[in-house]
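Asker:
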Ligand code: RNT
Ligand code: ZN
């Protein structure tokens, strides 16, 4: 049966349960999703050749990683041509284009990002920019914004402030908000004594950073907590509690990364709380496997639950949806495509839900009907709507994209 016919039937079935599939497709097309640039080169960036630090790790040695800006851009363009929907690229400060100029992270200049702006505009992508508080000699002992050494702490405050201004500049150039995720890796390998002192200094650093005004139309910053990192197993200064408190008190955005909690804790359950007490959220949709392993996002129950919470909240404009994973054990372009398509799929799946009807069951204490319907929805003809969405976005349907990636690998990636 042709895709069109299948879609027509699916549409009718969804309309019987009160869901307008055409409308869902039209809405989803305009929901921006951020894709992490760092999947393309194993979080190396273009500032120096130092090791990846901060307690995160990319594992695998699949050939073909991008080695420079041109390769990273070409790879991302390839991936983006297979991902439906409105895309933003999330950059880290270390992906700057300084054209050989030696870089001082304390004083990054907006012009280092001009070529990204030009490229993004040409390709119809949005841009986000994060400060990089890792992979630098000044973070080698594991501390940045909470450091007891005032000189080092000041260095990192200045770095984040310079990125804050550049992010606002990018937002102005792009004519839309540039979101910044602040992830501060600071933590202790072994049990610390002065947790209080480190947390107070982190708070003070953030206060100094947020004292520098930016236009929220062009930049918002979100704070990302974490339970532990490699080499920082005993205490993370910027825990989720710390940031939830900070954001609620100071009116800042909170970041929830799916890999940053204890293995039986899920961010899908945290979205509604965070939305209630903060101005908004940034999501790092990721997939932890036993630890914060940053596996490629798959279409699993938690991904669906995250998407349902986003959609059911009715607050999409307060949520910056982004991906965060880096798998170096498979083709990196495919990693982008698989994870981003899955996130789009999960959003579509969630948007095809008759939420009001389900809420009505719940309110009437008819949990039987609620359960029956939630189960029934899983076998509705969702795939036909997904294919139609891909078709309308001009990206491959079904598995057609894989051949393209294989071809790209043969012609481009394997020659690196
Ligand atoms: C690390 C955080 C952080 C990074 C990126 C590179 O645990 O998740 O978001 O993955 O900033
Ligand atoms: Zn993250």
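In my numbering, the protein residues as written are 47 to 462. Beta carbons are placed, not taken as given, at the ideal position from N, Cα and C, and that holds for glycine.
#1: May I have a chain-ordered list of the alpha helix (DSSP H) segments no shorter than 4 residues that lie completely inside the stretch 226-273?
#2: Taking the C-alpha atoms as reference points, what is the distance between residue 246 and residue 192?
#3: Judging by CA-CA distance, which residue of 450, 411, 462 and 461 is the nearest neighbour of residue 123?
#4: Residue 273: buried (16+ other C-beta within 10 angstroms of its C-beta) or exposed?
#5: Residues in the same chain with beta-carbon distance under 7 Å from residue 73, minus the five sequence neighbours each way, listed in chain order, please.
#6: May I have the straight-line CA-CA distance separating residue 360 from residue 330, to the nearest angstrom?
#7: Considering just the uninterrupted stretch of the beta strand (DSSP E) at residue 192, what are its terminal residues?
#8: Within this structure, are the beta carbons of residue 268 and residue 204 separated by less than 7 Å?
#9: Can you give the beta carbon distance from residue 130 to residue 436, rounded, assuming they're within the 8 Å contact cut?
#10: Tell me the DSSP bridge mates of residue 282?
#11: Pick out whichever of 376, 443 and 264 has its Cα sitting closest to the Cα of residue 221.
#12: Between residue 134 and residue 399, what straight-line distance do the alpha-carbon atoms span, to the nearest angstrom?
#13: Cβ of residue 287 within 6 Å of any heavy atom in ligand 1?
#14: Quick one: is the Cβ of residue 303 within less than 6 Å of any heavy atom of ligand 2?
#15: If you draw a straight line from the C-alpha of residue 101 to the C-alpha of residue 231, how long is it?
#16: So is the beta-carbon of residue 71 under 6 Å away from any non-hydrogen atom of ligand 1?
#17: Below 6 Å, is the gap between the Cβ of residue 55 and the nearest heavy atom of ligand 1?
#18: Pop quiz: residue 388 and residue 352 are said to be a contact at Cβ under 8 Å. What is the actual Cβ separation, rounded to whole angstroms?
#19: Using only the alpha-carbon positions, how far apart do residue 120 and residue 145 sit?
#20: Any idea if residue 286 is buried or exposed, counting beta-carbon neighbours within 10 angstroms, 16 or more meaning buried?
#21: Is residue 160 helix, strand or coil by DSSP?
#22: Would you mind reading off the limits of the beta strand (DSSP E) that contains residue 371?
#23: List the endpoints of the continuous beta strand (DSSP E) containing residue 174.
#24: Please report the distance separating the alpha-carbon of residue 333 from that of residue 319.
#25: Where do the ends of the alpha helix (DSSP H) carrying residue 357 lie?
#26: For ligand 1, is there any heavy atom lying closer than 6 Å to the beta carbon of residue 84?
#27: Measuring CB to CB, does residue 428 end up less than 7 Å from residue 415?
#28: Residue 102: beta carbon under 6 Å from a heavy atom of ligand 1?
#29: Give a single yes or no on whether residue 138 has its beta carbon closer than 6 Å to a heavy atom of ligand 3.
#30: Count the other C-beta atoms from every protein chain shown that fall within 10 angstroms of the C-beta of residue 259, then say buried if there are 16 or more, exposed otherwise.
#31: If you count every other CB in all the chains shown that lies within 10 Å of the CB of residue 199, and 16 or more means buried, which is it?
#32: Measure the alpha-carbon distance for residue 249 versus residue 132 and round it to whole angstroms.
#33: Would residue 253 be called buried (16 or more neighbouring beta carbons within 10 Å of its own) or exposed?
#34: Starting from the C-beta of residue 234, find all residues in its chain whose C-beta is less than 7 Å away, skip the five residues before and the five after it, and write them out in chain order.
#35: On the CB-based measure, 16 or more other CB atoms within 10 Å of its CB, does residue 243 come out buried or exposed?
#36: Find the nearest neighbour of residue 303 within the set 211, 314, 70 and 293, judged by alpha-carbon distance.
Answerer: Taking the structure as given:
#1: 241-256
#2: Their backbone Cα atoms lie some 8 Å apart in a straight line.
#3: It is 450 whose Cα lies nearest to the Cα of residue 123.
#4: buried
#5: 397
#6: 19 Å
#7: Here residue 192 belongs to no beta strand (DSSP E), and DSSP marks it neither H nor E.
#8: no
#9: 5 Å
#10: BP columns for residue 282 point to 233.
#11: Nearest of 376, 443 and 264 to residue 221, Cα basis: 264.
#12: 26 Å
#13: no
#14: yes
#15: 7 Å
#16: no
#17: no
#18: So it is not a contact: roughly 11 Å between Cβ atoms.
#19: 18 Å
#20: buried
#21: helix
#22: Premise fails: residue 371 is in no beta strand (DSSP E) and is neither H nor E.
#23: 172-176
#24: 21 Å
#25: 347-359
#26: yes
#27: No, these two residues do not count as a Cβ contact at 7 Å.
#28: yes
#29: The ligand content of the structure shown is limited to ligand 1 and ligand 2, which means ligand 3 is not among them.
#30: exposed
#31: Result: buried.
#32: 35 Å
#33: exposed
#34: Scanning its chain for C-beta atoms nearer than 7 Å, with the 5 sequence neighbours on each side dropped, one finds around residue 234 the residues 278, 280 and 281, in chain order.
#35: exposed
#36: 314
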